[in-house]
Structures are given as structure tokens and as C-alpha cells.
Amino acid sequence: MNFTLQESIAHCSNFLPASYPNRLIISPPAPYLAYLSSEFPEIEFSAQNVSHSDKEGPYTGEYSSYMLKSCNINYAIVGHSERRCNFFESDDMIRLKIANCLKSDVTPIICIGEDSKARRDATYENSLRMQLSNIIPENLPMKKIIIAYEPIWAIGTNIIPSCNELLDAFSIIACYLRKSEVANNVSLLYGGSVGEDNINEIFSVPNIDGVLVGKSSLRYETMIEMLNLRFA
Ligand code: PGA
2 MNFTLQESIA
12 HCSNFLPASY
22 PNRLIISPPA
32 PYLAYLSSEF
42 PEIEFSAQNV
52 SHSDKEGPYT
62 GEYSSYMLKS
72 CNINYAIVGH
82 SERRCNFFES
92 DDMIRLKIAN
102 CLKSDVTPII
112 CIGEDSKARR
122 DATYENSLRM
132 QLSNIIPENL
142 PMKKIIIAYE
152 PIWAIGTNII
162 PSCNELLDAF
172 SIIACYLRKS
182 EVANNVSLLY
192 GGSVGEDNIN
202 EIFSVPNIDG
212 VLVGKSSLRY
222 ETMIEMLNLR
232 FA
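Numbering-wise, the sequence shown is residues 2 to 233 according to our numbering.
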């Protein structure tokens, strides 16, 4: 929950004319999505959430993946830890959201990650595998999905995992995906306190294809610096 519509328009304008095709997806609050996607056809946008239901009907306050698609929105973040903690989203709901996104050709950006207790108790491996097996639908259609590994203890804390911790977590995820034969259609992101100071270190870890940026994305200068560091 950041920015008014006017501030969002100004923010998006900063990324033109380059717009970083296939490299940048902006995820503004839901009320701005339709307007921004028609105002900035050069930029890819993502929703920050989507309904678990794909039916039209009495779901006040919700919006479906079909509705997103009708506004030219091709991505939706699903299962962010803030949705799980503050809005009580269960793994079952998240699995339905992913399935519905895939039905309407919206690529889900699926968030997983352990809390600080699981990290301390060294049960994070189990926690990651459990989350993956609970939320990735069986018989996943051969469509693209994006998985964002976001350890809850790293979100908004300015603490990021060490390279070894990242290496370990991403090999656990990559290994799980290989076994379930969806690996070719998956991109893996890291999220949690990403900034210009640590982006190169994060990208030095094998299996990391991209990053999900929270607070640092609110300053366009920081975003441009990170994009230039990676892609200039
Ligand atoms: P952060 O947020 O980059 O501010 O830690 C990440 C997120 O909310 O997913």
C-alpha cells in the first residue's frame, strides 16, 4: 500500500522509454492496474493478489485472474507472506489461485519462504518442501510459473541470507522442481531486502534468475541503478 494513482503514474514514467522488456514487471496496487496498463503498454504489470475463485458471482472485494487478463495484466503475485499472515491465506487457497491463474494465462509469481523459527531450528528445508508440495497443483499444465523465495525474516528487515544460505535454499527448490518435472517452465526469484548494495551478490548465486523488490522499488533511482547494474 504505497503511492496514489498520480504518484504511480509518475513512478512508471521514469522507466520509459527503455521500459526494460522481459526484465521489469511492476506490481502496483489493484485499483491502478487497468489504468496503468493502458497508459503504459510498454511496461508489464502484475497484480499483488488474485482471487482463489474463477467463478463470477458473490465474492465482494475479490477479482479473478480472468478479470486481470481482460485488463492485459499477465502476472499475479500469489501467496505473499503478508497475505498469508495478515489475511490468513492457506496453502489450499494459494493452490487454487495458482491453478486459476494458469487457466487464464496469467503467470503466477508464487511466494514461498520459511520464518525465522524454521531457519533457527534448521527445519527450513522441510518447510520449503512442504510449501511447494502443498501449493503447486498436481498435473501442472506446461505453462510458465515464477517462484519467489522470500524468507520471512529477510522481508523489510535489511537482513539478507548469506550466499551459502541462498545457494542451499535455491538448490532445495531447484531439486524439488526437477523431481516434479516442471523445472523447465519455472523462473526463480529471490525476495527480501534487495537493494543496490546486495543485488550483484544475490545474482552471483546459481539458480537465481531475478529478484522481487519491495521497499527499494519505491525509489525509481534505486531501481534504475539496479537495472543498470544488471543489464546495462
Ligand atoms: P522488501 O520486501 O524488499 O522491502 O524486503 C519484499 C517483499 O515485500 O516481498
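Where is the CB? At the ideal position from N, CA and C, for every residue including glycine.
All of these numbers come straight from a predicted model, not from anything done at the bench.
| request: Confirm the yes/no value for this check: CB of Gly157, any heavy atom of ligand 1, distance under 6 Å. | output: At a threshold of 6 Å, Gly157 counts as near ligand 1, since its beta carbon sits closer than that to one of the ligand's heavy atoms.
| query | Rounded to whole angstroms, how far is the Cβ of Gly80 from the Cβ of Ile95, which I believe are closer than 8 Å? | reply | The pair is a contact, with the Cβ atoms about 4 Å apart (cut-off 8 Å).
| request: Measure the CB-CB distance between Tyr64 and Ser54 and report whether it falls below 7 Å. | output: Their beta carbons are not under 7 Å apart, which means Tyr64 does not touch Ser54 by this criterion.
| query | Beta carbon of Tyr76, beta carbon of Ile26: below 7 Å? | reply | A contact, by the Cβ cut-off of 7 Å.
| query | From Arg84 to Glu90, what does the alpha carbon distance come to, in whole angstroms? | reply | Straight-line Cα distance between these residues: approximately 6 Å.
| request: With a threshold of 16 other CB atoms inside 10 Å of the CB of Tyr60, please say whether the residue is buried or exposed. | output: Its Cβ having fewer than 16 others within 10 Å, Tyr60 is exposed.
| said: So within the segment 134 to 181, which uninterrupted beta strand (DSSP E) runs reach at least 3 residues, ignoring any that extend past its ends? | reply: Secondary structure in the segment 134 to 181: the beta strand (DSSP E) runs of 3 residues or longer, each lying completely within the stretch, are 146 to 150 in chain order.
| Going straight from the alpha carbon of Pro22 to that of Ala31, what length do you get? | Whole-angstrom Cα-Cα distance: 22 Å.
| message | Taking the straight line between their C-alpha atoms, what separation do you get for Asn50 and Ser20? | response | Computed Cα separation, rounded: 23 Å.
| message | Tell me the DSSP secondary structure of Thr61 in three-state form. | response | Coil.
| field | Continuous beta strand (DSSP E) assignments of at least 3 residues falling wholly in the segment 73 to 146 | value | Runs of beta strand (DSSP E) with 3 or more residues, each lying fully within the segment 73 to 146, are found at 76 to 79 and 108 to 113, listed in chain order.
| Under the three-state DSSP convention, the category Tyr221 falls into | Helix.
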